[in-house]
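Start counting at 1 in the sequence shown, then tack on 218, and there's your number in our numbering. See structure below.
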Amino acid sequence: MKLSDTKIKEIKNKEELLDRLMVVGKTSAVNKKIAMYVEKNYNSIVFMTADKISQEIGVSQGSISRFCTKMKYRGYNDFLRYLQKIISSEMTTSKRYSILDKTDDNDKNLNILNQEINNLQELQELAQTEEYAQAVELLAKKKRVFLMSNRMSATILPYMNYILSKLRPGVSELKYGSPEWENIDLEPAEEVVIFATIFPRYSRTLLEKTKRLKERGFKILALTDSRLSPVIQHSDVALITPITISSVFDVYSTPLLLINLLMRDVSKKIPNINKRLDEIEKLNKSNGSFL
């Protein structure tokens, strides 16, 4: 049976990637050349544009696009996004830097920008899903919202905490190692939703904490990068948003925009929101908060 004759599932790991490369590589001499290059350079490809790869291999850019279609992706950027998910656990900061240090500045900048544009375009579809609607309800209606994360994944939570705390009471950001983090287990689970952000490289401490809270009956709302993310099995609702790893550090533009969209829609569900926002403005004026 030909690869095009069957429905291909999302590649879950490096072994499945290599297996599919082998199948597609047999379809033509050009595809074999591309498959062999991807097999040997899959780590560095996430930092390269399609044009750069075509130059390296000596094939046309159209051949790269057709190869990605044969791999059952919508194009090079789509292939790149899924490739990032597969190798994200291998991409230490030092390894990224050593690869980027050898890359032309124009190539790596264009690659990151192209991926970000494609990532942002996916948000429209995500905002129409049942999971998104459930997330809005939980963030608007639960008595307490606890924002929880660790390591770099936690860097976007202060932004969300600032906005959501203006919209409603009962919002807290839990920092790893704090008394609030340790004592969250004592809260009445039925009144609480845990909003956890977790991106590669996935924090073991955070995964263990969400697993325990889930077992104790807490609602876990996870923001992560893939259906293959290890937090999925510990969450009640999961929002999947792509990130870009082809820089020294991960790019979180898309998760930040998604949070902004969530806050907009949460505000529509909160009774007397105009009154609350007016009162905040009065406090700002009385405190001389702004010039």
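A virtual CB, placed ideally from N, CA and C, is assigned to each residue, including glycine. Just so you know, these numbers come straight off a predicted model, no measurement behind them.
Between residue i and residue j, what straight-line distance do the alpha-carbon atoms span, to the nearest angstrom?
i, j, result
"F364", "V277", "52 angstroms"
"V241", "Y260", "17 angstroms"
"S262", "V256", "9 angstroms"
"L446", "L301", "13 angstroms"
"N249", "I282", "8 angstroms"
"W399", "N478", "25 angstroms"
"P397", "K288", "52 angstroms"
"S222", "K270", "In this prediction, S222 scores a pLDDT of 39, lower than 50, which makes its location untrustworthy; no coordinate-derived value is stated."
"N492", "L382", "14 angstroms"
"R299", "T462", "8 angstroms"
"T175", "Y350", "Beyond the ends of the chain as shown, which are 219 and 509, falls residue 175; an answer cannot be given."
"E497", "A358", "19 angstroms"
"I374", "L474", "7 angstroms"
"G435", "S246", "54 angstroms"
"L425", "I416", "8 angstroms"
"T472", "I488", "25 angstroms"
"A440", "G280", "38 angstroms"
"T428", "L480", "21 angstroms"
"E518", "I438", "Because the chain is modelled from 219 through 509, residue 518 falls outside the range shown and cannot be assessed."
"R238", "D296", "16 angstroms"
"S453", "G395", "22 angstroms"
"E405", "V484", "23 angstroms"
"I231", "Q451", "One point to set straight first is that residue 231 is Asn, not Ile, in the sequence displayed. Going by the C-alpha atoms only, they are around 18 angstroms apart."
"K258", "E234", "15 angstroms"
"R294", "F265", "Checking the displayed sequence, the identity of residue 294 turns out to be Tyr instead of Arg. Y294 and F265: Cα-Cα distance of roughly 12 angstroms."
"E274", "M254", "12 angstroms"
For residue i, which beta-bridge partners are listed by DSSP?
i, result
"M437", "Here residue 437 turns out to be Lys, not Met, going by the sequence shown. Its beta-bridge partners are V411."
"M481", "Looking at the DSSP assignment, M481 forms no beta bridge with any residue, so it has no partner."
"E391", "L365"
"I271", "The partner list for I271 (beta bridge, DSSP) is empty, contrary to what the question assumes."
"V469", "T462"
"T442", "I416, I458"
Please state whether DSSP places residue i in a helix, a strand or coil.
i, result
"S383", "helix"
"V449", "coil"
"V455", "strand"
"I330", "helix"
"V264", "coil"
"T347", "coil"
"V416", "The residue you asked about is not Val; residue 416 is Ile in the sequence shown. Looking at I416 - three-state DSSP - the assignment turns out to be strand."
"T423", "helix"
"T373", "helix"
"T245", "coil"
"K225", "Below a pLDDT of 50, predicted positions are generally treated as unreliable, and K225, at 43, falls in that range; no measurement from the model is reported."
"I335", "helix"
"Y291", "coil"
"F508", "coil"
"P397", "helix"
"I488", "coil"
"G280", "helix"
"N259", "helix"
"K360", "coil"
Please indicate yes or no: does the CB of residue i lie closer than 7 angstroms to some heavy atom of the ligand NAD?
i, result
"T245", "With respect to small molecules bound, the structure shown includes none, and the ligand NAD cannot be examined in it."
Inter-stretch contact (C-beta, 8 angstroms, three-pair minimum) for the region 331–345 and the region 366–381: Too few Cβ pairs lie closer than 8 angstroms, so no.
Cβ contact (3+ pairs, closer than 8 angstroms) linking the region 420–430 and the region 379–388: no
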